[in-house]
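Colleague: Before I ask anything, here is the structure I am working with.
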Amino acid sequence: MLLRKYMSLLGIGSAQIDLILPKDTYEVGENIEGYFLIKGGTIDQQLRQIDCELIMSEQLMGIKEIIDTQSILTSKRIESDEIYKISFSFKLPDSISVSSEEISYCFKTKLTFNEGVESRDKDIIRII
């Protein structure tokens, strides 16, 4: 048991997060509804925070810009092998540029624990 605890502190066998979206293409101003799927690892872990950022990447200039961020503070304890869902809702700004060969978008999600390595996820979306 002690070995599994130390391994999860290093990120091996720790809980994982995945942002589940119903599709990958959205319109400017559209409301995105989905959920975070958290899968428990080999040991119980205390969750602290979920951060999800919408990031725009501009290829020609090499610019990455955070469009908006959502944070969820939680004190949920995720047990080993438990599956836990948290609702996700995000309204795309009306002033956002559409996706192109030069401009792309993604959601970067980070799950932070009281102890251990963070779990990360990246979901690419297209805006039309």
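Residue 15 in numbering that gives the first Met the number 0 is what sits at position 16 of the sequence shown, and the numbering runs on without skipping anything.
Here a beta-carbon is modelled for each residue, glycine too, at the ideal position from N, C-alpha and C.
Between the C-alpha atoms of Ser118 and Ile124, what's the straight-line distance to the nearest angstrom?
Modeller: Approximately 20 Å between the Cα atoms of the pair.
Colleague: In the DSSP assignment, what are the bridge partners of Leu36?
Modeller: The partner list for Leu36 (beta bridge, DSSP) reads Asp17 and Lys84.
Colleague: Please identify the residue among Glu32, Glu26 and Ile77 whose C-alpha is closest to the C-alpha of Lys38.
Modeller: Nearest C-alpha to Lys38: Ile77.
Colleague: Taking its Cβ as the centre, do 16 or more other Cβ atoms sit within 10 Å of Val116, making it buried, or is it exposed?
Modeller: Val116 comes out exposed.
Colleague: Assuming Ser86 and Tyr25 make a contact with CB atoms under 8 Å, what is their CB distance in whole Å?
Modeller: Actually they do not touch by this definition, with Cβ atoms about 17 Å apart.
Colleague: Between the C-alpha atoms of Ser74 and Tyr83, what's the straight-line distance to the nearest angstrom?
Modeller: Whole-angstrom Cα-Cα distance: 13 Å.
Colleague: Closest to Val27 by CA distance: which of Ile62, Asp93, Lys63 and Glu101 is it?
Modeller: Among Ile62, Asp93, Lys63 and Glu101, the Cα nearest to that of Val27 belongs to Asp93.
Colleague: Measuring only the C-alpha atoms, how far is Thr145 from Phe89?
Modeller: This structure cannot settle anything about residue 145, because the visible part of the chain is limited to 0 through 127.
Colleague: Any idea what DSSP makes of Asn30, helix, strand or coil?
Modeller: Asn30: strand per DSSP, three-state reduction.
Colleague: By the DSSP assignment, the beta strand (DSSP E) with Thr108 in it spans what residues?
Modeller: Thr108 -> beta strand (DSSP E) spans Ile102 to Phe112.
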